[in-house]
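**Q** Just so you know, the protein sequences line up as chains A and B, in that order. Per numbering that gives the first Met the number 0, the first sequence starts with residue 0, numbered consecutively. Per numbering that gives the first Met the number 0, the second sequence starts with residue 0, numbered consecutively. Structure below; questions to follow.
Number of protein chains: 2
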Amino acid sequence: MVGVRQFDEDEVVATALDVFWRKGLHDATMQDLAAATGVQRGSLYNAYGDKEAIFLRAFDRYAEQFLEAAGNALAQGDAASGLKNFFDMIIVNMTDGSPPRGCLTTRTALDAAISSTDVQQRVQGVLTRLEQLIGKAISGAPGKRSVADANRLARVIVTFTRGLAVMERAGYSRKQLRESATTFIEAVVGNA
Amino acid sequence: MVGVRQFDEDEVVATALDVFWRKGLHDATMQDLAAATGVQRGSLYNAYGDKEAIFLRAFDRYAEQFLEAAGNALAQGDAASGLKNFFDMIIVNMTDGSPPRGCLTTRTALDAAISSTDVQQRVQGVLTRLEQLIGKAISGAPGKRSVADANRLARVIVTFTRGLAVMERAGYSRKQLRESATTFIEAVVGNA
DNA sequence: TTCATTCTTGACATCATCGTCAAGATTGAC
DNA sequence: GTCAATCTTGACGATGATGTCAAGAATGAA
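Spelled out as structure tokens, the structure:
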């Protein structure tokens, strides 16, 4: 290999993830990415083709990290405290940074109408895998829940996490989100 | 008044609402609005100043319609069936059109980072008023719930509706959203 | 050391949007 | 009917983003 790449691809993708997380796929520009990574626009085009290709790489990295963290949180303690850990994690995830970055998956989902099918599939992939993680976590619980019930409930839980992401964008504080999550867990998991 | 306006303002705002609902505040352009309303860009600038001013008018109209529909739905039957009506209404609201338009409030909330405080306040206003409507509806219910509990639960319900809006954007069908809503209602309202 | 290949750089053309403005059209008031 | 105020129209310049390209720089291979 001659004429070797002058930048660290991992670093560029990591920096790009930060840019996309703060600005969103649609609003982040190649200029933003070039400025943040220190790599010229032309080089980015040469290396990746276009903005979306960079986004897909960044999003894949994000999805892996996120789902692993979710799995870990859910696995700690029994089903109820696993869920609590999970909500804590997810709320920190979306309220972190200054200003807070929000939830990348949710932001990306909202741009579905103007996104490629590739992007849409990544979003669906994250939600589906999250549903499966949660379904397993709560169907393994002592309660006399059927697997079908657990799956339905898992989807409700995923849906609620998406709602939290929206409320964060609407201005609700970390504390308020935590309170809602607690109320939700009590109402949904405290029985049935 | 000489040199009178050549277009019907109500019609323009109604059409603008449709455009914003389909494209979002950020993605809709003045050209989109001009094409949809049949009013030249220059006239729109002259009459309203800028895109955001038109959006605020359209959004106010939307908010009124939406909150009135929500109130009506909640008021029909007891608290449980009121909630069911409410969810039915809200799901139809976001899955209507072809392609579906989604939820304008949620879409707007997600653009909070790039929106003016005026726009942010409208979003918060809708969510707050919706919370209050729901709080009243469920605190008037026979259950032995305190008002504080009802308010917390109302916020959880609003949050869940936001989640439904995200799931719709992620590709979930009307039927799937209805199933999640049913599961949610059973889990949250069926007890406590 | 030389060379061929790949990457990098800065400039370019294109496009879409924005906001403004001067000239013309319209119309209520007198 | 005339006039003055307001609206409408189409064009203009500015801006910022996109994607491409030719020329130069860098480097592994021989």
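For glycine and all other residues, C-beta sits at the position ideal for the given N, C-alpha and C.
Can at least three beta-carbon pairs, one atom from the stretch 5-21 of chain A and one from the stretch 48-62 of chain A, be found at a separation below 8 angstroms?
**A** yes
**Q** Are the CB atoms of LEU66(A) and VAL12(A) within a distance shorter than 8 angstroms?
**A** Stepping through the first sequence from its first residue, residue 12(A) is reached at position 13. Stepping through the first sequence from its first residue, residue 66(A) is reached at position 67. Not closer than 8 angstroms, so no.
**Q** Measure the beta-carbon distance from VAL165(A) to GLU130(A) and round it to whole angstroms, keeping in mind my assumption that it falls under 8 angstroms.
**A** Mapped onto the first sequence, residue 165(A) falls at position 166. Mapped onto the first sequence, residue 130(A) falls at position 131. In fact, because the Cβ distance is near 18 angstroms, the residues do not count as touching under 8 angstroms.
**Q** Is the CB of THR182(B) under 8 angstroms away from at least one CB in chain A?
**A** For the purposes of this step, residue 182(B) is taken as residue 183 along the second sequence, with counting starting at 1. So yes, THR182(B) belongs to the interface.
**Q** Nearest by alpha-carbon distance to GLN64(A): which of GLY76(A), GLY162(A), MET88(A) and ARG161(A) is it?
**A** In the first sequence, the residue the question calls residue 64(A) occupies position 65. That would be MET88(A), whose Cα lies nearest to the Cα of GLN64(A).
**Q** Comparing the C-beta of ALA191(B) with each C-beta of chain A, is any distance below 8 angstroms?
**A** Within the second sequence, residue 191(B) is the residue found at index 192, counting from 1. Unreliable positioning characterises ALA191(B) in this predicted model, as indicated by a pLDDT of 43, which lies under 50. The coordinate reading is nonetheless provided below. At least one chain A Cβ lies under 8 angstroms of ALA191(B).
**Q** I'd like to know if the stretch 65-84 of chain A and the stretch 77-85 of chain B are in contact, where contact means that at least 3 CB-CB pairs between them fall below 8 angstroms.
**A** no
**Q** Please tell me whether ARG161(A) has its Cβ less than 8 angstroms away from any Cβ of chain B.
**A** Within the first sequence, residue 161(A) is the residue found at index 162, counting from 1. For ARG161(A), at least one C-beta of chain B is nearer than 8 angstroms to its own C-beta.
**Q** Counting only C-beta atoms, is SER179(A) closer than 8 angstroms to chain B at any point?
**A** Residue mapping note: residue 179(A) aligns to position 180 of the first sequence, counting from 1. True, the Cβ-Cβ gap to chain B drops below 8 angstroms.
**Q** Buried or exposed: where does ASN190(A) fall if 16 or more other Cβ atoms within 10 Å of its Cβ makes it buried?
**A** On the first sequence, position 191 is the one that residue 190(A) refers to. Any reading at ASN190(A) must be qualified, since the residue scores a pLDDT of 49, below 50, and its modelled position is unreliable; the value itself is stated next. Exposed is the call here.
**Q** May I ask which residues mark the beginning and end of the alpha helix (DSSP H) holding GLY101(A)?
**A** Taking the first sequence and counting its residues from 1, the one referred to as residue 101(A) is at position 102. DSSP places GLY101(A) in no alpha helix (DSSP H); its state is neither H nor E.
**Q** Checking 8 angstroms against the spacing of the C-beta atoms, do ASP117(B) and GLY23(B) come in under that value?
**A** Walking along the second sequence from the start, residue 117(B) turns up at place 118. Walking along the second sequence from the start, residue 23(B) turns up at place 24. The answer is no: Cβ separation not under 8 angstroms.
**Q** Cα separation between PRO38(A) and LEU32(A)?
**A** Here residue 38(A) refers to the residue found at position 39 of the first sequence. Here residue 32(A) refers to the residue found at position 33 of the first sequence. A quick correction: the sequence has Val, not Pro, at residue 38(A). Taking the straight line from one Cα to the other gives about 8 angstroms.
**Q** Quick check on LYS174(A): buried or exposed, where buried means 16 or more other Cβ atoms within 10 Å of its Cβ?
**A** By 1-based counting over the first sequence, the position of residue 174(A) is 175. Exposed is the call here.
**Q** Kindly indicate which residue of ALA62(A), GLY170(A) and SER138(A) has the alpha-carbon position closest to the one of SER114(B).
**A** On the second sequence, residue 114(B) is found 115 positions in, with the first residue counted as 1. Selected option, being the one with the closest Cα: GLY170(A).
**Q** Buried or exposed for GLY101(B), going by 16 or more other Cβ atoms inside 10 Å?
**A** Here residue 101(B) is taken as the residue at index 102 of the second sequence, counted from 1. Per the 10 Å Cβ criterion, buried.
**Q** In this structure, how does DSSP classify THR28(A) when only helix, strand and coil are distinguished?
**A** By one-based count along the first sequence, residue 28(A) stands at place 29. Coil, per DSSP.
**Q** Just how far apart, CA to CA, sit LEU43(B) and GLN5(B)?
**A** Position 44 of the second sequence, counted from the first residue, corresponds to residue 43(B). Position 6 of the second sequence, counted from the first residue, corresponds to residue 5(B). Distance between the alpha carbons of LEU43(B) and GLN5(B) is about 11 angstroms.
**Q** Who are the neighbours of ARG116(B) on chain A, taking C-beta pairs under 8 angstroms?
**A** On the second sequence, position 117 is the one that residue 116(B) refers to. Looking at the sequence itself, residue 116(B) is Thr, so the reference to Arg does not match. Near THR116(B) there are no residues of chain A at all, since even the closest Cβ is about 10 angstroms away, more than 8 angstroms.
**Q** Do LEU163(B) and LEU176(B) come within 8 angstroms of each other at the CB atom, strictly closer than that value?
**A** In the second sequence, the residue the question calls residue 176(B) occupies position 177. In the second sequence, the residue the question calls residue 163(B) occupies position 164. Against a cut-off of 8 angstroms, the Cβ pair of LEU163(B) and LEU176(B) comes out as a contact.
**Q** Let's test the definition: count the other Cβ atoms within 10 Å of the Cβ of SER179(A) and tell me whether it reaches 16, buried, or not, exposed.
**A** Against the first sequence, residue 179(A) aligns to sequence position 180. So SER179(A) ends up on the buried side.
**Q** Indicate the three-state DSSP secondary structure (helix, strand or coil) for ARG177(B) in the structure shown.
**A** Sequence index remark: in the second sequence, residue 177(B) carries index 178 (1-based). Of the three classes helix, strand and coil, the one that applies to ARG177(B) here is helix, per DSSP.
**Q** Could you give the residue range of the alpha helix (DSSP H) that holds ASP148(B)?
**A** Here residue 148(B) corresponds to residue number 149 of the second sequence, with the count starting at 1. Here the alpha helix (DSSP H) through ASP148(B) covers 146-168.
**Q** State the CB to CB distance for the pair VAL155(B) and THR182(A), rounded to an integer number of angstroms; the pair is presumed to be in contact (CB under 8 angstroms).
**A** Locating residue 155(B) in the second sequence gives position 156, where the first residue counts as 1. Locating residue 182(A) in the first sequence gives position 183, where the first residue counts as 1. Contact flag correct, Cβ pair sits at about 5 angstroms.
**Q** Tell me which same chain residues have a C-beta within less than 6 angstroms of the C-beta of ARG21(A), skipping the five on either side of it?
**A** Position 22 of the first sequence, counted from the first residue, corresponds to residue 21(A). Annotation for ARG21(A): ARG100 place their beta carbon closer than 6 angstroms to its own, counting only its chain and skipping 5 residues before and after.
**Q** So, helix, strand or coil for ARG56(B), using DSSP?
**A** On the second sequence, residue 56(B) is found 57 positions in, with the first residue counted as 1. Three-state result, ARG56(B): helix.
**Q** Specify the secondary structure class of GLY81(A) as computed by DSSP and reduced to three states.
**A** As a working note, residue 81(A) is residue 82 in the first sequence. If DSSP states are grouped into helix, strand and coil, GLY81(A) belongs with the helices.
**Q** Can you find a CB in chain A that lies within less than 8 angstroms of the CB of ILE137(B)?
**A** Within the second sequence, the letter at position 138 stands for residue 137(B). Chain A, which has no Cβ nearer than 8 angstroms to the Cβ of ILE137(B), makes this no.
**Q** For GLN194(A), would you say it is in contact with chain B, using Cβ-to-Cβ distances shorter than 8 angstroms as the test?
**A** Since the first and last residues shown for chain A are 0 and 191, residue 194(A) lies out of range.
**Q** In three-state DSSP terms, what is ASP7(A)?
**A** The residue given as residue 7(A) occupies position 8 in the first sequence. Of the three classes helix, strand and coil, the one that applies to ASP7(A) here is coil, per DSSP.
**Q** Within 10 angstroms of its Cβ, does ARG168(B) collect 16 or more other Cβ (buried), or is it exposed?
**A** Residue 168(B) sits at position 169 when you count from the first residue of the second sequence. The residue in question, ARG168(B), is buried, as its Cβ has 16 or more Cβ neighbours within 10 Å.
**Q** At the level of alpha carbons, what is the spacing between ASP9(A) and GLN120(A)?
**A** Indexing the first sequence from 1 puts residue 9(A) at position 10. Indexing the first sequence from 1 puts residue 120(A) at position 121. Cα to Cα, ASP9(A) sits roughly 23 angstroms from GLN120(A).
**Q** How would you list, in chain order, the residues of chain A whose beta-carbon sits under 8 angstroms from the beta-carbon of THR105(B)?
**A** Against the second sequence, residue 105(B) aligns to sequence position 106. Here the neighbours are LEU109 and VAL165.
**Q** Closest Cβ-Cβ distance between ALA34(A) and chain B: below 8 angstroms?
**A** To locate residue 34(A), count along the first sequence from 1; it is residue 35. Closer than 8 angstroms: no.
**Q** So is VAL1(B) buried or exposed if we call it buried at 16+ other beta carbons inside 10 Å?
**A** Walking along the second sequence from the start, residue 1(B) turns up at place 2. When all chains shown are included, VAL1(B) counts as exposed.
**Q** For a contact defined as C-beta to C-beta under 7 angstroms, what are the partners of VAL122(B) on chain A?
**A** Your numbering for residue 122(B) matches position 123 in the second sequence. The answer, in chain order, is ALA169.
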